[in-house]
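Enquirer: Encoded as structure tokens, here's the structure I'll be asking about.
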Amino acid sequence: MAVKRKSEFRKIMKKYWKNGTAVLGTCLLVFFIIVAVFAPQIAGVNEMGNNYQIPRVSWSSKPIAPTSEHPFGVIGGRDIFYGVVWGTRTAFRLGLIITGFSALIGVAIGSISAYFGGWVDEILMRIVDIFLSIPFLVAAMVMTTILGKGLDKVIIALIIFGWMSTARLIRGNILQAREEQYVLAAKALGQKDWKIIMKHILPNTIFPVVVQMSMRIGSYVITAAGLSFLGVGAEPGYADWGTILSYSRNWMTMLNESWFAIVFPGTAMVLFVLAWNLVGDALRDIFDPRMRS
Amino acid sequence: MPLILIGVTLIIFSMIWALGPDRLLASYIKSPEALKTPDAAERLIKKYGLDEPMPVQYLKWLGNILQGDFGYSMVGKKGVLPAMLERFPYTLELTIYAIIPVILVAIWLGVVSAVHQNKFIDQFIRVFALVGWSLPDFVFGLLLLLVFYSLLGWFPPGMVNTQFDLIMRSAEWNKITSMPTIDALLNGRFDIFVDALRHLILPVMTLAYLWWAYLLRITRSSMLEVLRKDYIRTARAKGVPENIVIQKHAKKNAMIPVLTVAGGSVIGLLGGTVFVETIFSRVGMGRFLADAATLLDYWSIIGGALFFSFIMIVGNLVVDVSYALVDPRIRLE
Amino acid sequence: MDSKNALLQVKDLRTYFHTEDGIVKAVDGVTFDVYSGETLGIVGESGCGKSVTSLSVMRLLDEKGEIAGGKIIFEGRDVMAIPESQMMKIRGNDMAMIFQEPMTALNPVFTVGFQIMEAILLHQDVNKEQARTMAIDMLRKVGIPEPEKRVDEYPHELSGGMRQRAMIAMALSCNPKLLFADEPTTALDVTIQAQILELMKSLQEQYGMALVMITHDLGVIAEMAQRVVVMYAGKVVEYAEVLTLFKKPRHPYTWGLMNAIPKLDEDKEVLYNIPGVVPDPLDFPDGCRFNTRCPLATDKCRKEEPPLVEVEENHTSACWYVDKLVEMIKVSRAGEGA
Amino acid sequence: MSKITDSRLLLRADRLVKHFPVRAGVFRRVVAQVKAVDDISFDVYEKETLGLVGESGCGKTTAGMSVLRLYEPTSGRIIMEGEDTTYYFMPALKAQKYIRDIYIDRFTELKSKGGSAEAAIQSFQNDFDRKIAERYFKEFNEDRNAFVRSMLSNREEKRKAFRRNAQIIFQDPFSSLNPRMRVRNIIGEGARIHGLATGSDVLDKVADIMTKVGLSKDHMSRFPHEFSGGQRQRIGVARALILNPKLIVCDEAVSALDVSIQAQILNLLNDLQKEFGLTYLFIAHDLGVVKHVSRRVAVMYLGKVAELADKKKLFDDPLHPYTVSLMSAIPEANPEKKKQRIILQGDVPSPINPPSGCRFHPRCPIAKEICAREEPQLQDVGGGHFVSCFFPGQLKR
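Chains X, Z, L and E, in that order, are what the protein sequence lines are.
Mapping the first sequence onto the working numbering, position 73 (from 1) lands on 73, and the numbers just tick up by one.
Take any residue in the second sequence, count from 1 to its spot, add 293: that is its number in the working numbering.
Take any residue in the third sequence, count from 1 to its spot, add 626: that is its number in the working numbering.
Take any residue in the fourth sequence, count from 1 to its spot, add 964: that is its number in the working numbering.
Here's what the structure looks like:
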């Protein structure tokens, strides 16, 4: 019945742009990219050296409500506006590095598991089960507590405990794709095993991973910020949304005096995560064959 | 399952081991009883096998764990295990109060959303859920605290009022379950029960919000898939009213993936108590972990990790069993 | 036959689906009658609208589908005017349906017995125990061994053939006047198909319901039906009694279809094949919808749509060149005989 | 095995067995075996079509897949053009063991029984085994290692040659083509693998093949979903055909298609067979289709061959009660001929636990006590008409 219709790509794009939430997500994402790229122009630089260190503007730790000079206010002597703007870069860095590496590890382990099968598969999948049995946040907390403070430690901890779901996903997809007739046909043609994987299996299994990745960027940024909030993440004064939020822990009983230290970085974080989730959601609808007519 | 337990302890131990013998020794020495004796260092090195290869150390450590010796907790100022057991009921109480409304509301909304796919109500619920899913729990908690305590003064943080707290610490207070709301009822103090509930509202809302956003999404997509199935058409063809088609024929099938996917993840979200208890100054396992992390109290945090992992493993087992109860195709095996 | 006595009259039915790519006119002007106790066959290839026709009559279309025109009259009542609450009482009670895939048509989380009892409890004034007895009875009637045991089993514990029997038991549990069977044996093996067809025949004799047999298999049609509707691209192209249809097909599509099947009792080197493919339902050709594949097509066929006209008593066909076709059939049969 | 000698033997499946393990429990232990194909033998001659027919679960597809080594057979031999290809796709150690078990050990035993190498060679009835025995005794003077080495040499080339010669067409025109590849790559992939053409020559070859199977070569840059079911099946045919294979296994190649399209593809397969001298192993459940395309037909039931004969003999005079009932069960497109059917009772039993004796006996209308006890062998009842039944021809239509 499928006679020639519009090209698949154009159809997908049309569908994408017709989806209001997808457009909203894309716009938000573009906004954050602009903020990240032009951070020096928007918030200035730290003349003392490291740009990711929020410059001190006051030696008193008392919160200062927003003024024209410090539009988002000051907490712990640090300018929140500077922190939020430069924190965008930190968020992208965290999200992309963690997602990228954990997906890489996940794809590698999942593929090995599915390809070799047998006891290799059995052992790898048990390892996945074991890693999944430690709650993600708790595992990351233990890891960062032991490794010590610093953003790099957070990244390592989240990668170590973040690859499992990708591994499971890709393994399942490969096992499913391996039974497809076009894979058997390629085998019958005499195609080499690794070429079958590269040409026939991975192109048909990688999209769910892409969708999953885009959805996970948000949750990694949240977790990293959470660790900073608990004081086991980035160092104090680092341009990171979670770090700014963690200053409020000292003012917990009078948040009305430090509301700006929650509202501004919090809003940035919500919008950032929302952007990725919206995009991921739209991508999933598009790639999910069941959603197509 | 024993395999997984062993694996978990191995992973956690290898993290401890990464500390190196010096820092390990230093951390052991912090326990007050260790400090009483002069040859503490040698004794500890022997006890934990710090001068021996990793497998031996692991076995010694595991042996201690199995005997209930999780080390000394600086946060709890006592052994790690008793400190945790003392705090666990508070977390359990919070979780139970959060989980019941979550499951009911999330499944109900998920079904509504799926049945009215792409209608206004569906779009509304979806956006609501998506925002919920994007809202970090600690940000949401801080905002709630800001609005309902700092600005409006309605719901204070903590467990109970100071005066009630004193009563609860006193000798005549009967500690039966250690869960304030239940103990209050058992002690016949309705006023304390109400007060404890008042303190629970914000934490429960915070914990619940994230959960139900997640559950709702899974329910919705599972329901959408089921509604396309042939047997739904069969049910309609034999004249089953639409609401029974949805509530009975579709929902029971849709719950199968909800159980497997969501069951495990909800247990995983237990981690959320770390933030909730920290923000609302509640005593509990989550707060225990957070404080331990701040104080670099290794033994407390490792004990906490083991504790949470154990709960997660048991929880997954429960999910597997209930899965078989719902799906007759599994029961057969 | 007088269509006023018909149990079901379908007149110029049009069912459209509103998809993202445009309007799919799945059923576009379909007319037929079903009389009590008879079997009407609806035959055609995939996408011709035969299943949508039955779903339209039962009013079971999904939200994208819409009955855009025509009339459905069941027992003298206009089906489209019946409110949904009333329709529910008709479905399963007066009209029932069985589907192609016995694997997916039964709900996996309920026992077979529960699913049959549900239909009985909905439409008959009996209590649960009576319903259970009736369900067991029904299972016995459809030839399921040990019905007392099977009634408490789940669908996955039954074989494909047994599941289809259970479906039939469910459909017939309320003694409907009209039963739609949508490709009921397509997913089954030949020997099981023979069992099911035999069962349906004997049950029809026993219960006297009218049966609408929807299939792509001319063999099943020849076996089961008394009268046949041939559909192509959402339209009825020929409508006749079964013997007449097979002996004297009067539409080039029917004739092509009959010659395209390899038969057990003849040996042909080359099969007749209808060239080309079924047209895109979003973009049906003007005029006769078969003109793109018809050996007799002329400009007239490409411009004007042929009406369904009576070529002899109780035999209608929608073709401009019935006489040419008759000539062609004569020549080709003579060729085969030589 | 067969007495048809007018054309050369192309493929012999010799006592082919394929069992699938059923695993369960924590340690994925094998708890049962699905005996999908359980000791079947058949020959396929050059330029003929052998039909393999049976109901679902009878093992016909597994047999086809095992012949092509898309499934590794559990045991048995697959001989193609006079070469034992069985060990081509085995891991090296397994292949060595295979050669030792199947050839060297057997030869040694025959020699000690017959007294001399010559006697051992002569004890073989078929040319094929005799030829290998001669090589072993004469060329290699019973040097085991040299013999194994020689057999195992050039396995990569042997594998490639086998893949080129034996191709497959699948049932499902939707899942048999990679949705993310253009048609020119789908069809051209084989030519590239086997170096039949390079660079732009591949496209010329693809265009040529596409025309031959009735596709427009202008469509070679399209993706599979832009074609109809019948056209996609033509793409599948072209993918196999570009290698110029000798044998094509057609696995339910027309079952998923509408009647009118099915006729188109059947005619195409027929034309191509004549033009390229192809040999088909045609697997289908539809007796009418199988009868139309085949020269000889094998009827399978529950992992066994029930009957195998020339098409005319099989359809005019079926001897196995299963064949008779199968033919009787098919509804014919002729309302005047309402025949009395033989309706088999019950379902096909599970291949995990097949019935004892004759596997058909629980459903057989003429089963006797011996049928449950003993397993009938596939025997020639005359003129290459094989049947495995104790009472052949006793069930009449």
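Every residue gets a Cβ at the ideal spot worked out from N, C-alpha and C, and that includes glycine.
What do you get for L:L732, buried or exposed, if any count of 16 or more other CB atoms within 10 angstroms of its CB means buried?
Expert: That one is buried.
Enquirer: Under the three-state reduction of DSSP, which class applies to E:Q1131: helix, strand or coil?
Expert: Three-state DSSP puts E:Q1131 in a strand.
Enquirer: Is DSSP giving E:M1264 helix, strand or coil here?
Expert: Strand, per DSSP.
Enquirer: How big is the Cα-Cα spacing for E:L1205 and E:H1158?
Expert: Between E:L1205 and E:H1158, the C-alpha separation is close to 13 Å.
Enquirer: Under the three-state reduction of DSSP, which class applies to L:I698: helix, strand or coil?
Expert: Correct three-state label for L:I698: strand.
Enquirer: Strictly below 8 Å CB to CB, what residues from chain Z border X:N256?
Expert: Residues of chain Z passing the Cβ test: L439, S443, L444.
Enquirer: Please confirm if X:G295 has its CB atom under 7 Å from at least one CB of chain Z.
Expert: An answer regarding residue 295 of chain X cannot be provided, because it is not within the stretch 1 to 293 covered by chain X.
Enquirer: For L:P771, which three-state DSSP category applies?
Expert: Three-state result, L:P771: coil.
Enquirer: So with Cβ pairs under 7 Å, would you call X:E180 a contact of chain E?
Expert: Closer than 7 Å: yes.
Enquirer: Relative to the C-alpha of X:A22, which candidate in Z:S366, Z:Q416, Z:Y591 has its C-alpha closest?
Expert: X:A22 has its Cα closest to that of Z:Q416, out of Z:S366, Z:Q416, Z:Y591.
Enquirer: What are the boundary residues of the beta strand (DSSP E) that includes L:F658?
Expert: Unbroken beta strand (DSSP E) run through L:F658: 648-660.
Enquirer: Give every residue of the same chain whose Cβ lies closer than 6 Å to the Cβ of Z:F363, excluding the five residues on either side of it in the sequence, and list them in chain order.
Expert: Excluding positions up to five away in sequence, the list reads V373, L374, G596.
Enquirer: Count Cβ pairs between the stretch 275-286 of chain X and the stretch 569-581 of chain Z that sit closer than 8 Å; are there 3 or more?
Expert: Not touching, per the Cβ criterion.
Enquirer: Can you grab the Cα-Cα spacing for the pair Z:Y591 / Z:P295, in whole Å?
Expert: If I take the Cα positions, the gap works out to 25 Å.
Enquirer: At the level of alpha carbons, what is the spacing between X:G95 and L:E779?
Expert: Using only the alpha carbons, I get a separation of about 51 Å.
Enquirer: Here's the rule I'm using: 16 or more other beta-carbon atoms within 10 Å means buried, otherwise exposed. How should E:R972 be labelled?
Expert: It counts as exposed.
Enquirer: Check the Cβ of L:D843 against every Cβ in chain E and list those closer than 9 Å, keeping chain order.
Expert: Residues of chain E passing the Cβ test: V1223, P1295, A1297.
Enquirer: Between L:L747 and L:A757, which are expected to be in contact by the criterion C-beta below 8 Å, what is the C-beta distance as a whole number of angstroms?
Expert: Indeed, because the Cβ distance is near 5 Å, the residues count as touching under 8 Å.
Enquirer: In this structure, how does DSSP classify L:V957 when only helix, strand and coil are distinguished?
Expert: The answer is helix: DSSP assigns L:V957 an H, G or I state.
Enquirer: Step through the CB atoms of chain L and report whether any lies within less than 7 Å of the CB of E:A1230.
Expert: It should be pointed out that residue 1230 of chain E corresponds to Leu in this sequence rather than to Ala. Closer than 7 Å to some Cβ of chain L, the Cβ of E:L1230 qualifies, so yes.
Enquirer: Using a Cβ-Cβ distance under 7 Å, would L:Q821 count as near chain E?
Expert: Yes, contact with chain E.
Enquirer: In whole angstroms, what is the alpha-carbon distance linking E:L1342 and E:L1272?
Expert: Between E:L1342 and E:L1272, the C-alpha separation is close to 9 Å.
Enquirer: Could you pull out every residue in the same chain whose Cβ sits closer than 7 Å to the Cβ of E:Q1309, ignoring the five residues on either side in sequence?
Expert: R1327, listed in sequence order.
Enquirer: Against X:Q191, what residues of chain A qualify as contacts under a CB-to-CB distance less than 8 Å, listed in chain order?
Expert: As a matter of chain content, chain A is missing from the structure shown, whose protein chains are X, Z, L and E.
Enquirer: On the three-state DSSP scale, how would you describe E:K982?
Expert: Reduced to three states, the DSSP call for E:K982 is strand.
Enquirer: Can you find a CB in chain E that lies within less than 7 Å of the CB of L:G769?
Expert: Not one chain E Cβ lies under 7 Å of L:G769.
Enquirer: According to DSSP, is Z:R575 helix, strand or coil?
Expert: Z:R575 falls in the coil class under three-state DSSP.
Enquirer: Counting only C-beta atoms, is Z:Y524 closer than 7 Å to chain L at any point?
Expert: Yes, its Cβ sits closer than 7 Å to a Cβ of chain L.
Enquirer: Please determine if the stretch 245-265 of chain X and the stretch 438-458 of chain Z are in contact, where contact requires at least 3 C-beta pairs separated by less than 8 Å.
Expert: These segments touch.
Enquirer: How is E:L1211 classed by DSSP in three states: helix, strand or coil?
Expert: In the structure shown, E:L1211 sits in a strand (DSSP, three-state: E or B).
Enquirer: According to the neighbour-count rule (16 or more other Cβ atoms, all chains shown, within 10 Å of its Cβ), is L:K651 buried or exposed?
Expert: It counts as buried.
Enquirer: Here's a check: name, in chain order, each residue in its chain whose Cβ is nearer than 8 Å to the Cβ of E:T1175, leaving out the five neighbours to either side.
Expert: Excluding positions up to five away in sequence, the list reads K1181.
Enquirer: Is the shortest distance between the beta-carbon of E:S1139 and the beta-carbons of chain X less than 7 Å?
Expert: So, interface residue.
Enquirer: Do the stretch 137-147 of chain X and the stretch 193-208 of chain X touch if we need at least three Cβ pairs shorter than 8 Å?
Expert: No, the stretch 137-147 of chain X is not in contact with the stretch 193-208 of chain X.
Enquirer: Give every residue of the same chain whose Cβ lies closer than 7 Å to the Cβ of Z:T499, excluding the five residues on either side of it in the sequence, and list them in chain order.
Expert: For Z:T499, where only same-chain residues beyond five positions count, the Cβ hits under 7 Å are D430, F433, G434, L437, V569.
Enquirer: Return the residue from the list E:P1329, E:Q1086, E:S1164, E:N1317 that minimises the CA-CA distance to E:A996.
Expert: Closest option to E:A996, Cα to Cα, is E:N1317.
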